[in-house]
Ligand SMILES: [Mn+2]
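Residue numbers (the working numbering): 916 to 1243.
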């Protein structure tokens, strides 16, 4: 079974963004109504000429504590809609006029045959990446980053740098190649040479692991002590200009700012700190990104989904003027 999205399903009914654009015919939908695609981008599966395909991977079978991230993509999309209404703060530009972005819908996998899920997600990513489009993926629990990395490494060469925002390092040992575990996928990714630990950095960590596998860790107390400017400086020093994948687990934020997630940990970053850091990463060679672990059932007033939508939007804008990265 595949998605039933068709290219033109929604094309006639709404403006791509809430604000009026000469390219987009009226009528626009009101901010509070209409199709809830990411940032009001058109739903579709035609990848020709697309710069970035936003898609969801609604998986939560790999969680260790509270499930519910399968509903994350829908919540982040809904929260993103109001961000499309006005010009983009603080960029002072209209990045979505220069960047052809579609909402590709969600990855389909068979939740009742869990051993097929990793390959289904990898295949979903391969299809998008083969077109030349980049991916911005909405989770889903954090396990999804593992099959996404497999496809990105196939496309861009190995190993990639990883910028990883999280309360958890997700490098806990796991010798089961086929396990569905959202706490061990970077252990596998490093062991399999998908990411280079010496060129990778984790931000916001506040859980214990006796071995971080050579990844530079800027834990949450470090960020609080040194501030966002020093954090950005360290991230850029680690990744340099190497092809980089950015993964943002929303539980990097303190539960005060992101209660709607499966494994919250106190002492995290504020949404303001996180946005400030992400917006300063403009120089990185970003080959792909995801925002994961939004579990709306534990959310209040959509605060977590809104933070995730803001972060996803700003990560999307980081992709707007990347120089081409040749495939391997
Ligand atoms: Mn986490």
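We put the beta carbon where it would ideally sit given N, CA and C, even for glycine.
Pairwise C-alpha distance: residue j and residue i
{"i": "residue 1055", "j": "residue 991", "result": "11 Å"}
{"i": "residue 1134", "j": "residue 944", "result": "42 Å"}
{"i": "residue 1109", "j": "residue 979", "result": "23 Å"}
{"i": "residue 1172", "j": "residue 1181", "result": "10 Å"}
{"i": "residue 1233", "j": "residue 1227", "result": "10 Å"}
{"i": "residue 1103", "j": "residue 1086", "result": "8 Å"}
{"i": "residue 957", "j": "residue 1123", "result": "42 Å"}
{"i": "residue 1038", "j": "residue 1076", "result": "22 Å"}
{"i": "residue 1074", "j": "residue 1066", "result": "12 Å"}
{"i": "residue 950", "j": "residue 1088", "result": "42 Å"}
{"i": "residue 1101", "j": "residue 995", "result": "28 Å"}
{"i": "residue 1032", "j": "residue 1024", "result": "6 Å"}
{"i": "residue 1145", "j": "residue 1138", "result": "8 Å"}
{"i": "residue 998", "j": "residue 1192", "result": "19 Å"}
{"i": "residue 1111", "j": "residue 1011", "result": "32 Å"}
{"i": "residue 973", "j": "residue 1048", "result": "21 Å"}
{"i": "residue 952", "j": "residue 1140", "result": "38 Å"}
{"i": "residue 1006", "j": "residue 1190", "result": "12 Å"}
{"i": "residue 1208", "j": "residue 1105", "result": "21 Å"}
{"i": "residue 1136", "j": "residue 1219", "result": "22 Å"}
Beta carbon of residue i nearer than 8 Å to that of residue j
{"i": "residue 1205", "j": "residue 1175", "result": "no"}
{"i": "residue 1046", "j": "residue 967", "result": "no"}
{"i": "residue 1147", "j": "residue 1184", "result": "no"}
{"i": "residue 1163", "j": "residue 1080", "result": "yes"}
{"i": "residue 988", "j": "residue 1021", "result": "yes"}
{"i": "residue 1114", "j": "residue 1068", "result": "no"}
{"i": "residue 1116", "j": "residue 1078", "result": "yes"}
{"i": "residue 1160", "j": "residue 1044", "result": "no"}
{"i": "residue 1150", "j": "residue 1118", "result": "yes"}
{"i": "residue 1165", "j": "residue 1224", "result": "no"}
{"i": "residue 1030", "j": "residue 975", "result": "no"}
{"i": "residue 1168", "j": "residue 1016", "result": "no"}
{"i": "residue 1235", "j": "residue 1014", "result": "yes"}
{"i": "residue 1216", "j": "residue 986", "result": "no"}
{"i": "residue 983", "j": "residue 1177", "result": "yes"}
{"i": "residue 1019", "j": "residue 955", "result": "no"}
{"i": "residue 971", "j": "residue 1053", "result": "yes"}
{"i": "residue 1120", "j": "residue 1083", "result": "yes"}
{"i": "residue 1210", "j": "residue 981", "result": "yes"}
{"i": "residue 1170", "j": "residue 1158", "result": "no"}
{"i": "residue 977", "j": "residue 1051", "result": "no"}
Identity of the residues DSSP links to residue i by a beta bridge
{"i": "residue 1153", "result": "Looking at the DSSP assignment, residue 1153 forms no beta bridge with any residue, so it has no partner."}
{"i": "residue 995", "result": "DSSP lists no partner for residue 995."}
{"i": "residue 1184", "result": "1168"}
{"i": "residue 1204", "result": "1051, 1161"}
{"i": "residue 1252", "result": "Only positions 916 to 1243 of the chain appear in the structure, and residue 1252 is not among them; the question remains open."}
{"i": "residue 1016", "result": "967"}
{"i": "residue 1089", "result": "In the DSSP output, where bridge partners are listed per residue, residue 1089 has none listed."}
{"i": "residue 1021", "result": "971"}
Assigned exposure category for residue i - 16 Cβ within 10 Å defines buried
{"i": "residue 1188", "result": "buried"}
{"i": "residue 1090", "result": "exposed"}
{"i": "residue 1058", "result": "buried"}
{"i": "residue 1229", "result": "buried"}
{"i": "residue 1027", "result": "exposed"}
{"i": "residue 1001", "result": "exposed"}
{"i": "residue 1155", "result": "exposed"}
{"i": "residue 1186", "result": "buried"}
{"i": "residue 947", "result": "exposed"}
{"i": "residue 1061", "result": "buried"}
**Asked** Hey, which unbroken runs of the beta strand (DSSP E) at 3 residues or more fall wholly within the segment 1113-1173?
**Response** Uninterrupted beta strand (DSSP E) stretches at least 3 residues long and entirely within the segment 1113-1173 occur at 1116-1118, 1131-1133, 1158-1164, given in chain order.
**Request:** Jot down the residue ranges of each uninterrupted beta strand (DSSP E) in the segment 1025-1085, minimum 3 residues, whole runs only, in chain order.
**Result:** Runs of the beta strand (DSSP E) spanning 3 or more residues and lying entirely within the segment 1025-1085 occur at 1049-1054, 1076-1080, in chain order.
**Prompt:** Unbroken beta strand (DSSP E) runs of length 3 or more, entirely within the segment 942-998: which are they?
**Reply:** As for any beta strand (DSSP E) of minimum length 3 sitting wholly inside the segment 942-998, the runs are 967-972, ordered along the chain.
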